[in-house]
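Going letter by letter, the sequence shown gives residues 1 to 366 in my numbering.
Glycine included, C-beta positions come from ideal geometry on N, C-alpha and C.
Take a look at the structure below.
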Amino acid sequence: MTKSGTRIRHLVARRNSDGALRFYWSPSATLKAAGFAVVRLHGDLADAAAQAEAWNRKADDFYKGVEPAKAPASKSIAGLIALFLGAPAFKELGPRSRADHTYYLGMLENYAGDVPYASFSRIAAEDWLFKVKEKHGPTMRFHCYSTARRLYSWAEQRGVVTVNPFSKLDVPTPSRRAVTWRLEHLAIMQQAAVAAGRPSMALACAMAFYLMQREADVLHMLRSADDGEVMTFKQRKTGKDMEIHIHPELRSWISKTPKSDTAMTFVVDEATGRPYNEHTFRRRFAEIRAAAGIPKELQFMDLRRSGATYLGESGGTEDEIASMTGHENREMLAIYVKKNRRFTQNAVVKMADYAAATTKKQGENN
Numbered sequence: 001m002t003k004s005g006t007r008i009r010h011l012v013a014r015r016n017s018d019g020a021l022r023f024y025w026s027p028s029a030t031l032k033a034a035g036f037a038v039v040r041l042h043g044d045l046a047d048a049a050a051q052a053e054a055w056n057r058k059a060d061d062f063y064k065g066v067e068p069a070k071a072p073a074s075k076s077i078a079g080l081i082a083l084f085l086g087a088p089a090f091k092e093l094g095p096r097s098r099a100d101h102t103y104y105l106g107m108l109e110n111y112a113g114d115v116p117y118a119s120f121s122r123i124a125a126e127d128w129l130f131k132v133k134e135k136h137g138p139t140m141r142f143h144c145y146s147t148a149r150r151l152y153s154w155a156e157q158r159g160v161v162t163v164n165p166f167s168k169l170d171v172p173t174p175s176r177r178a179v180t181w182r183l184e185h186l187a188i189m190q191q192a193a194v195a196a197g198r199p200s201m202a203l204a205c206a207m208a209f210y211l212m213q214r215e216a217d218v219l220h221m222l223r224s225a226d227d228g229e230v231m232t233f234k235q236r237k238t239g240k241d242m243e244i245h246i247h248p249e250l251r252s253w254i255s256k257t258p259k260s261d262t263a264m265t266f267v268v269d270e271a272t273g274r275p276y277n278e279h280t281f282r283r284r285f286a287e288i289r290a291a292a293g294i295p296k297e298l299q300f301m302d303l304r305r306s307g308a309t310y311l312g313e314s315g316g317t318e319d320e321i322a323s324m325t326g327h328e329n330r331e332m333l334a335i336y337v338k339k340n341r342r343f344t345q346n347a348v349v350k351m352a353d354y355a356a357a358t359t360k361k362q363g364e365n366n
């Protein structure tokens, strides 16, 4: 099954408990008996179709009697990656972090999967990261670097390797995004979403801004998380349990956004009546943003940080901001929240109010 209507062998779609559509490659009984297993496919339908076709080619090779590809040698980088992906340290990561690690380590495996992990040098590591930067940019290079460094650090701690070729490489942290949504931007975006027949997009923007959560948490947020006053959920990336009081503006958008009869999430694709997958959501968001005339530099992921910055401008303390975002590291929070003159203005107002209250109290005591 594809968008063109062509059916692809062994490609099946299933809905999970929250109504989201998932794709799988489901082999026949004959293939299962030969050692093939059901495989979870990633991405949207087009991505899943390409992955299913790749598995079908392997199945065809089996029927033709072609020698199957050998499993990665245990001493190779591919073998080390496989070992890490099966370890508790990896399984304890949040769903999004596991997906990211798998993706970045897959890039390393594609580059040097057959290389013995003990002989992979710093020069080889630098060469790989240089090529990643040339093709994908500095941000992708940094993510690949930090993930590969973690892989080798994990192996080093267990005595599997004695040297980490990624340790202390000169890979600068990419510049933090400094753009923020203002309330007027948010209002224009929401108006455009409603005009386009996508009130779900307006609600998603409100959730990201006022709950200060990531895209994945917004898209997977169940209506059962709302007890009428507080939203209770677990962050998908960190696994942290969150309890956040619902802002009146967000409550207004929840109340006026139609509920789906077929999905349990807040944010539902009006075209399907089902939760969005991230690819479709981002396409629709970009379309509405363009129609609204909002600069493309303002991305959905910036709404979370913008909400945190707005809370800081409003006089929120670091502890109050952290209670919303889930950050436990104050240094990370300081990087995350964009400081501006409103912060210093609030500081001066608080000092003045405190001085006035102190003077008043001293007068009363005299």
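Look at A13 here: in three-state DSSP terms it is strand.
Per DSSP, the unbroken alpha helix (DSSP H) holding Y152 starts and ends at P138 to Q157. Measuring C-alpha to C-alpha distances from P165 to each of P172, S146, A178 and T173 identifies S146 as the nearest. Comparing alpha carbon positions, the residue from R57, A20, F36 and A34 closest to L45 is A20. Runs of the alpha helix (DSSP H) lying entirely within the stretch 204 to 243, each at least 4 residues long, are 215 to 220 in chain order. For M201, the CB contacts under 7 Å within the same chain, skipping 5 residues up- and downstream, are A193, R284, F285 and I288 in chain order. Secondary structure at Y117: helix, using DSSP grouped into helix, strand and coil. With contacts defined as CB atoms closer than 8 Å, V115 and S76 qualify as a contacting pair.
Of R149, A195, A33 and E53, the smallest CA-CA separation from R7 is found for E53. When secondary structure is reduced to three states using DSSP, Y24 falls in the strand class. By DSSP's assignment, R40 forms a beta bridge with Y24.
The DSSP assignment places complete alpha helix (DSSP H) segments of no fewer than 4 residues inside the stretch 251 to 294 at 278 to 292, in order along the chain. DSSP places H185 in the helix class (H, G or I) of the three-state scheme.
If you draw a 10 Å sphere on the C-beta of V38, you find fewer than 16 other C-beta atoms in it, and that means exposed. The three-state secondary structure of S175, taken from DSSP, is coil.
In its chain, beyond the 5 residues on either side, K237 have a beta carbon closer than 7 Å to the beta carbon of S97. According to DSSP, S314 shares a beta bridge with no other residue.
I81 is classed as buried because its beta carbon has at least 16 other beta carbons within 10 Å across all chains shown. Note that the C-beta distance between A292 and I188 is below 8 Å.
By the CB criterion at 8 Å, M324 and F266 fall outside the cutoff. In the three-state reduction of the DSSP assignment, H245 falls in the strand class, which pools E and B. Your pair R304 and Q213 checks out as a contact, with CB atoms roughly 6 Å apart and the cut at 8 Å. Within the same chain, no Cβ atom closer than 6 Å to the Cβ of I254 is found once the five residues on either side in sequence are excluded.
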